[in-house]
Amino acid sequence: MKNVALITGASSGIGQDLAHIHAELKKDLVIVARSEDKLKSLKKELEDKHDVQVKVIVKDLSDPQSAQEIYDELKAENIEIKYLFNNAGFGGVGDFYKREWAKDESMMMVNMVTPSYLCRLFLPDMMKRKQGKILNVSSTASFLPGPGQAVYYASKAYMQFFSNALWQEVKAHNITVTNLMPGATKSGFGGRSGMDKTALFSHPASSRSVAEAGYKGLMNGDLDVITGVDLATRILIKLKPLIPKKVLLKQIHKAQTIAD
Numbered sequence: 013m014k015n016v017a018l019i020t021g022a023s024s025g026i027g028q029d030l031a032h033i034h035a036e037l038k039k040d041l042v043i044v045a046r047s048e049d050k051l052k053s054l055k056k057e058l059e060d061k062h063d064v065q066v067k068v069i070v071k072d073l074s075d076p077q078s079a080q081e082i083y084d085e086l087k088a089e090n091i092e093i094k095y096l097f098n099n100a101g102f103g104g105v106g107d108f109y110k111r112e113w114a115k116d117e118s119m120m121m122v123n124m125v126t127p128s129y130l131c132r133l134f135l136p137d138m139m140k141r142k143q144g145k146i147l148n149v150s151s152t153a154s155f156l157p158g159p160g161q162a163v164y165y166a167s168k169a170y171m172q173f174f175s176n177a178l179w180q181e182v183k184a185h186n187i188t189v190t191n192l193m194p195g196a197t198k199s200g201f202g203g204r205s206g207m208d209k210t211a212l213f214s215h216p217a218s219s220r221s222v223a224e225a226g227y228k229g230l231m232n233g234d235l236d237v238i239t240g241v242d243l244a245t246r247i248l249i250k251l252k253p254l255i256p257k258k259v260l261l262k263q264i265h266k267a268q269t270i271a272d
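Throughout, my numbering is defined as the position within the sequence shown, counted from one, plus 12.
Here it is in structure tokens:
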């Protein structure tokens, strides 16, 4: 396999579109998700259309052992990962004290712990080769505290700052770490999290447009990529330091209340 990309959360949404973009460039892939049927269907489609090799790994990334198992399987098959796409993630609407702890614990594993561990496992190999690129999918939620989605917003803030720190640490080794921050995006994420019923998802971007912006940013070695965001949100991000935090918190909480 050549120019191999490892893409988590590849069975739908942004991850699936990233897989299509990579395959369109005649580059091989390792695709990871929980849904075996969806991954096998995607594998067949990509291999038939683009004459590439696609390896499927079925894995639940909320399992603390999942990152090590993925790494060990690829090492055993001598598959070198040149591009790492930490795309998998999920959210969930509701005040923290009302939500099931198990769901938020899984969210922290998938959104923070497992992608961090994958970076830790694959970075030393990239540094030995003096070659590699990582795309970590954060969110515009990473700029703000998120009442109504406290754990999700915090997990994305972690990914933003973690990715930016890694960018500085590894850039001298010809490796880049790009932080992708999409706004509301049309994908299974909105439905699974309940966010599609909130005001924030009134005009979502297409997952393909977000994937294209992220892929371009990855190849350019960009530090941050903000995409799929309307003008009002961009202004809010810029003005955030000037807005009293209590006012900001009230507005965010209101925006994340599920519509009747």
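By construction, the Cβ of each residue, glycine as well, lies at the ideal position given by its N, Cα and C atoms. What you are looking at is a predicted structure, and each value in this text was computed from that prediction instead of being measured.
Requested in this report: Report buried or exposed for Pro136, applying the criterion of at least 16 other Cβ atoms within 10 angstroms of its Cβ.
Outcome: Pro136 is exposed by the Cβ-count criterion.
Query raised in the report: Where in the segment 13-51 do unbroken runs of the alpha helix (DSSP H), each at least 4 residues long, occur, reported from the N-terminal end onward?
Result: With a minimum length of 4 residues, the continuous alpha helix (DSSP H) runs that stay inside the segment 13-51 are 25-36.
Query raised in the report: Is DSSP giving Ile82 helix, strand or coil here?
Result: Of the three classes helix, strand and coil, the one that applies to Ile82 here is helix, per DSSP.
Query raised in the report: What do you reckon, are the CB atoms on Val64 and Lys94 nearer than 8 Å?
Result: No. Outside cutoff.
Requested in this report: On a CA-only basis, which of Asn148, Asn186, Asn15, Gln268 is nearest Gly229? Give me that one, please.
Outcome: Measuring C-alpha to C-alpha distances from Gly229 to each of Asn148, Asn186, Asn15, Gln268 identifies Asn148 as the nearest.
Report task. Name the two residues that bound the continuous beta strand (DSSP E) containing Met193. Result -> Segment 187-194, the beta strand (DSSP E) holding Met193.
Query raised in the report: Pick from Glu48, Ala196, Val44: whose alpha carbon is nearest that of Pro127?
Result: Nearest of Glu48, Ala196, Val44 to Pro127, Cα basis: Val44.
Query - Start-end ranges of the beta strand (DSSP E) lying completely within the segment 87-134, minimum 3 residues - result: Taking 3 residues as the shortest admissible run, the segment 87-134 contains the following complete beta strand (DSSP E) segments, listed from N- to C-terminal end: 93-98.
Query raised in the report: Opposite Lys274 in the DSSP bridges: which residues?
Result: Residue 274 is absent from the structure shown; the chain starts at 13 and stops at 272.
Report task. Please name the residue, chosen from Leu192, Thr152, Leu86, that lies closest to Asn98 on a Cα-to-Cα basis. Result -> Closest in C-alpha terms to Asn98, from the list Leu192, Thr152, Leu86, comes Leu192.
Report task. Look at the Cβ atom of Leu261, then the Cβ atom of Pro194, and state whether they are nearer than 8 Å. Result -> It is not a contact, given that the beta carbons lie outside the stated cut-off.
Report task. Report yes if the CB atom of Lys71 is closer than 8 Å to the CB atom of Glu81, and no otherwise. Result -> Against a cut-off of 8 Å, the Cβ pair of Glu81 and Lys71 comes out as a contact.
Query raised in the report: Using the beta-carbon count (16 or more within 10 Å), is His215 buried or exposed?
Result: Result: exposed.
Query raised in the report: To which residues of the same chain is Asn123 closer than 6 Å at the C-beta, ignoring the five residues directly before and after it?
Result: Result list for Asn123: Gly101, Ser167, in chain order.
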